[in-house]
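Asks: The structure's right below; bear with me while I get my questions together.
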Amino acid sequence: MRTTQHLDPHVELRSLYMSLLTRQENFDEFKQLLSEYPAVPSEDETESATAAEIRQKLKERIAAWTGRPFSGLSSAQVRMWRAIIVEERMNVALSPWKESNYY
Amino acid sequence: MDYAKHVDAIWSGFTTTLPPDLQHEARVLARAVGLVPVADIPWSNVFKNEVTLAAPAMFASAMSLATPQMVMMATTAHMLAIIGAFAMDRMLDRQATGGPQMQRLLDHVRAARDRSMCELTGQPTSPFLDAEYDAVCAINTERLLLQNGVALSFADYSRLSLAKQGVAFPASVELARAAGWSGRRQRAVQRVLRGIVLGLQFQDDVVDWEDDWRNGGAWAVSLCRGRSVPEVAPEDDEAELPAMRRRVHASGVLATMMDMARLRYRDAHRIAEVIGAESLATWAYEQEAKAAELTEREIRNAGYAVRAHQLSSWAMEVFG
Chain A
243 MRTTQHLDPH
253 VELRSLYMSL
263 LTRQENFDEF
273 KQLLSEYPAV
283 PSEDETESAT
293 AAEIRQKLKE
303 RIAAWTGRPF
313 SGLSSAQVRM
323 WRAIIVEERM
333 NVALSPWKES
343 NYY
Chain B
15 MDYAKHVDAI
25 WSGFTTTLPP
35 DLQHEARVLA
45 RAVGLVPVAD
55 IPWSNVFKNE
65 VTLAAPAMFA
75 SAMSLATPQM
85 VMMATTAHML
95 AIIGAFAMDR
105 MLDRQATGGP
115 QMQRLLDHVR
125 AARDRSMCEL
135 TGQPTSPFLD
145 AEYDAVCAIN
155 TERLLLQNGV
165 ALSFADYSRL
175 SLAKQGVAFP
185 ASVELARAAG
195 WSGRRQRAVQ
205 RVLRGIVLGL
215 QFQDDVVDWE
225 DDWRNGGAWA
235 VSLCRGRSVP
245 EVAPEDDEAE
255 LPAMRRRVHA
265 SGVLATMMDM
275 ARLRYRDAHR
285 IAEVIGAESL
295 ATWAYEQEAK
305 AAELTEREIR
315 NAGYAVRAHQ
325 LSSWAMEVFG
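From first to last, the protein sequence lines are chains A and B. Count along the first sequence starting at 1, add 242, and that's the number in my numbering. Count along the second sequence starting at 1, add 14, and that's the number in my numbering.
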């Protein structure tokens with residue numbers, strides 16, 4: 243008997259995306275947790291205990307919002323998401339500014 | 015026609031007419047007015063749609079008597095008018111600071127715009143002069159009203175938004191006249207453009223309302239007050255934005271504004287189809303469908319369009 247559920251990262255992310263789009267409080271909490279995560283890694287590249295706690299909490303909250311298990315995020319992923327959502331840094335190659343330039 | 019290449023070639027041709035000390039300013043203009051985060055992005059890659067800069071060229075496909083030279087003059091005038099209007103709008107909003115070099119560059123932009131327009135019409139004066147004046151007046155009026163959080167109606171919103179967009183019309187309408195189109199068809203060109211610019215404007219005012227409010231005023235807030243929605247006091251130490259957000263969401267104005275965008279795109283799509291401007295009709299139809307979907311989602315989940323906009327870069331990154 244299988245005791246672990248297979249987690250499809252794309253389905254997980256799609257569920258997260260929908261929960262953020264449809265609920266303001268989830269979006270606010272998501273952004274808040276990302277903002278609490280350190281923007282840059284420590285000098286020895288290890289994750290502090292506080293940062294690990296925030297990452298774990300993020301995983302648990304995402305699972306609660308989506309109503310399905312969430313396999314979690316790496317430290318680098320959380321930092322990248324933080325850069326995009328909190329610091330509003332862009333991947334220039336994707337031209338995301340085109341989404342916002344209306345006349 | 016490859017509209018992207020067309021607009022980039024026009025800008026490139028324009029920059030060769032500039033004094034050497036303005037060449038750098040021209041290269042970084044889109045970044046300087048906050049449209050892109052880095053320099054050297056070609057104008058064709060600044061906006062998500064081609065119609066913003068290449069409207070006359072897109073109408074021209076339906077005008078059998080429009081010569082390539084007419085199309086070039088009209089598109090040059092239109093493109094420079096729009097770029098100049100964006101720069102002016104951002105400076106009036108204080109989103110961009112125009113130093114003396116930028117002012118000089120914009121003088122060159124206006125002069126080239128008017129030269130192209132006068133060549134097209136054969137008239138001594140350019141209609142852009144009046145259009146630009148009216149737009150500046152409208153932008154200033156809007157700023158005062160929104161900064162003071164004045165309660166406004168949706169009719170006020172439509173009128174003032176249209177007045178701000180005056181420079182979007184002359185080049186395409188004059189191209190239609192030069193190509194022998196009747197007054198009725200010229201008015202149809204104007205109505206297509208009106209639908210497009212208002213659709214884009216209303217949609218932008220929805221997705222950017224929180225930033226606009228932080229920067230001095232937002233239509234969503236004034237329209238919400240116009241609907242007499244009771245004020246919501248911030249809870250204890252709650253910041254002002256969350257309280258205002260709850261009020262705006264409860265009022266339903268964002269869904270109404272998005273639906274107004276849908277209706278304007280629908281006008282543009284239908285009239286463009288009638289006059290045979292196929293690429294514009296197709297584009298406006300696609301925007302109408304997107305706005306319809308966003309309206310429905312906004313009705314079900316207030317703030318949906320704003321969050322979708324704020325998550326767009328993240329979504330692009332994670333979903334590819």
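Glycine is no exception: its CB is placed at the ideal position from the N, C-alpha and C atoms. Model, not experiment: these values are computed from the prediction.
Quick check: the Cα distance between alanine 46 of chain B and alanine 306 of chain A, rounded to an integer number of angstroms?
Replies: About 43 Å.
Asks: CA-CA distance, glutamate 331 of chain B and serine 78 of chain B?
Replies: Each residue's Cα considered, the two are about 44 Å apart.
Asks: Whole angstroms are fine: how far does the CA of phenylalanine 312 of chain A sit from the CA of glycine 290 of chain B?
Replies: Near 51 Å, if we compare the C-alpha coordinates of phenylalanine 312 of chain A and glycine 290 of chain B.
Asks: Consider the Cβ of valine 332 of chain B: report whether some Cβ of chain A lies at a distance smaller than 8 Å.
Replies: Valine 332 of chain B counts as touching chain A.
Asks: Which value, in whole angstroms, describes the spacing of the CA atoms of glutamine 117 of chain B and aspartate 148 of chain B?
Replies: Those two C-alpha atoms are separated by around 19 Å.
Asks: Cα-Cα, which of B:Ser26, B:Gln137, B:Cys132 and B:Ala95 is closest to aspartate 121 of chain B?
Replies: For aspartate 121 of chain B, the nearest C-alpha among the options comes from B:Ala95.
Asks: Near leucine 119 of chain B, which residues of its chain fall below 8 Å by C-beta distance, leaving aside the five closest residues on each side in sequence?
Replies: Within the same chain, leucine 119 of chain B has close Cβ partners Leu32, Leu36, Glu39, Ala40 and Leu43.
Asks: Does any CB atom of chain A fall closer than 8 Å to the CB of asparagine 315 of chain B?
Replies: Asparagine 315 of chain B counts as touching chain A.
Asks: Sort B:Gly136, B:Gly317, B:Leu143 and B:Leu106 by Cα distance to valine 123 of chain B and report the nearest one.
Replies: The shortest Cα separation from valine 123 of chain B among B:Gly136, B:Gly317, B:Leu143 and B:Leu106 belongs to B:Leu143.
Asks: Near threonine 90 of chain B, which residues of its chain fall below 6 Å by C-beta distance, leaving aside the five closest residues on each side in sequence?
Replies: Excluding residues within five positions, the ones whose Cβ falls inside 6 Å are Ile24 and Ser130.
Asks: Taking Cβ-Cβ distances shorter than 9 Å, what residues in chain B pair up with isoleucine 327 of chain A?
Replies: Within chain B, the residues near isoleucine 327 of chain A are Gln324, Leu325, Ser327 and Trp328.
Asks: Give the single residue among B:Leu166, B:Lys19, B:Arg201 and B:Arg191 whose Cα lies nearest to the Cα of alanine 286 of chain B.
Replies: The shortest Cα separation from alanine 286 of chain B among B:Leu166, B:Lys19, B:Arg201 and B:Arg191 belongs to B:Arg201.
Asks: Here's the rule: buried if 16 or more other CB atoms are within 10 angstroms of the residue's CB, otherwise exposed. What is leucine 160 of chain B?
Replies: So leucine 160 of chain B ends up on the buried side.
Asks: Beta-carbon of tyrosine 344 of chain A versus every beta-carbon of chain B: anything under 8 Å?
Replies: Confidence at tyrosine 344 of chain A is low in this model, with a pLDDT of 44, below 50, so the placement of that residue should be treated as unreliable; the coordinate-derived value is given next. So yes, tyrosine 344 of chain A belongs to the interface.
Asks: Quick check: the Cα distance between proline 34 of chain B and methionine 86 of chain B, rounded to an integer number of angstroms?
Replies: Near 24 Å, if we compare the C-alpha coordinates of methionine 86 of chain B and proline 34 of chain B.
Asks: For arginine 278 of chain B, which of B:Gly194, B:Leu49 and B:Gly213 has the nearest alpha-carbon?
Replies: When only C-alpha atoms are compared, the closest one is B:Gly213.
Asks: Going by DSSP in three states, arginine 265 of chain A sits in which element: helix, strand or coil?
Replies: Three-state result, arginine 265 of chain A: coil.
Asks: With 16 as the cutoff for other CB atoms within 10 Å, does asparagine 268 of chain A come out buried or exposed?
Replies: Looking at its Cβ environment, which holds 16 or more other Cβ atoms inside 10 Å, asparagine 268 of chain A is buried.
Asks: Taking all protein chains shown into account, do 16 or more other C-beta atoms lie within 10 angstroms of the C-beta of glutamate 300 of chain B, making it buried, or fewer, making it exposed?
Replies: Counting Cβ neighbours within 10 Å, glutamate 300 of chain B comes out exposed, since fewer than 16 surround it.
Asks: Which whole-angstrom value describes the C-beta separation of glutamate 302 of chain B and arginine 276 of chain B, a residue pair presumed to lie in contact below a C-beta threshold of 8 Å?
Replies: Contact holds; Cβ gap of about 6 Å.
Asks: At a CB distance below 8 Å, what residues from the segment 305 to 330 of chain A approach chain B? Give them in sequence order.
Replies: Going along the segment 305 to 330 of chain A in chain order, one finds Met322, Trp323, Ile326, Ile327 and Glu330 with a Cβ nearer than 8 Å to chain B.
Asks: Say whether chain B places a C-beta atom closer than 8 Å to the C-beta of glutamine 266 of chain A.
Replies: Yes, its Cβ sits closer than 8 Å to a Cβ of chain B.
Asks: Quick check on cysteine 151 of chain B: buried or exposed, where buried means 16 or more other Cβ atoms within 10 Å of its Cβ?
Replies: Burial call: exposed.
Asks: In chain order, what residues of the segment 265 to 292 of chain A put their CB closer than 9 Å to some CB of chain E?
Replies: Absent from the structure: chain E. Protein chains present are A and B.
Asks: Short of 8 Å in beta carbon distance, which residues of its chain neighbour alanine 325 of chain A, apart from the five on each side in sequence? Order them along the chain.
Replies: Ala281 and Arg331, listed in sequence order.
Asks: Apart from the five residues on each side of it in sequence, which residues of its chain come closer than 7 Å, Cβ to Cβ, to alanine 99 of chain B?
Replies: Result list for alanine 99 of chain B: Ala149 and Val181, in chain order.
Asks: According to DSSP, simplified to helix, strand and coil, what is phenylalanine 183 of chain B?
Replies: Phenylalanine 183 of chain B: coil per DSSP, three-state reduction.
Asks: Using a C-beta to C-beta distance shorter than 8 Å, which residues of chain A count as neighbours of arginine 321 of chain B?
Replies: Correct list: Leu262, Leu263, Gln266 and Phe269.
Asks: Using a Cβ cut-off of 8 Å, pull out every chain A residue sitting near tyrosine 318 of chain B, in sequence order please.
Replies: What tyrosine 318 of chain B touches in chain A: Leu263 and Thr264.
Asks: Grab the span of the alpha helix (DSSP H) containing tryptophan 297 of chain B for me, first residue to last.
Replies: Counting along the chain, the alpha helix (DSSP H) containing tryptophan 297 of chain B begins and ends at 292 to 314.
Asks: DSSP on phenylalanine 28 of chain B, reduced to helix/strand/coil?
Replies: Note: phenylalanine 28 of chain B maps to helix in three-state DSSP.
Asks: With 8 Å set as the bound, which would you pick, yes or no: does the beta-carbon of proline 56 of chain B sit closer than that to a beta-carbon of chain A?
Replies: For proline 56 of chain B, the answer is no, since every Cβ of chain A falls outside 8 Å of its Cβ.
Asks: Pull up the distance between the alpha-carbon of alanine 257 of chain B and that of alanine 69 of chain B, whole angstroms please.
Replies: One C-alpha to the other measures close to 41 Å.
Asks: List, in chain order, every chain B residue whose beta-carbon is nearer than 8 Å to that of leucine 255 of chain A.
Replies: The answer, in chain order, is Val332 and Phe333.
Asks: Measuring CB atoms only, is the segment 233 to 244 of chain B touching the segment 188 to 206 of chain B, in the sense that at least three cross pairs come out at less than 8 Å?
Replies: No contact exists between the segment 233 to 244 of chain B and the segment 188 to 206 of chain B.
Asks: From tryptophan 297 of chain B to glutamate 224 of chain B, what does the alpha carbon distance come to, in whole angstroms?
Replies: Cα to Cα, the separation comes out at about 28 Å.
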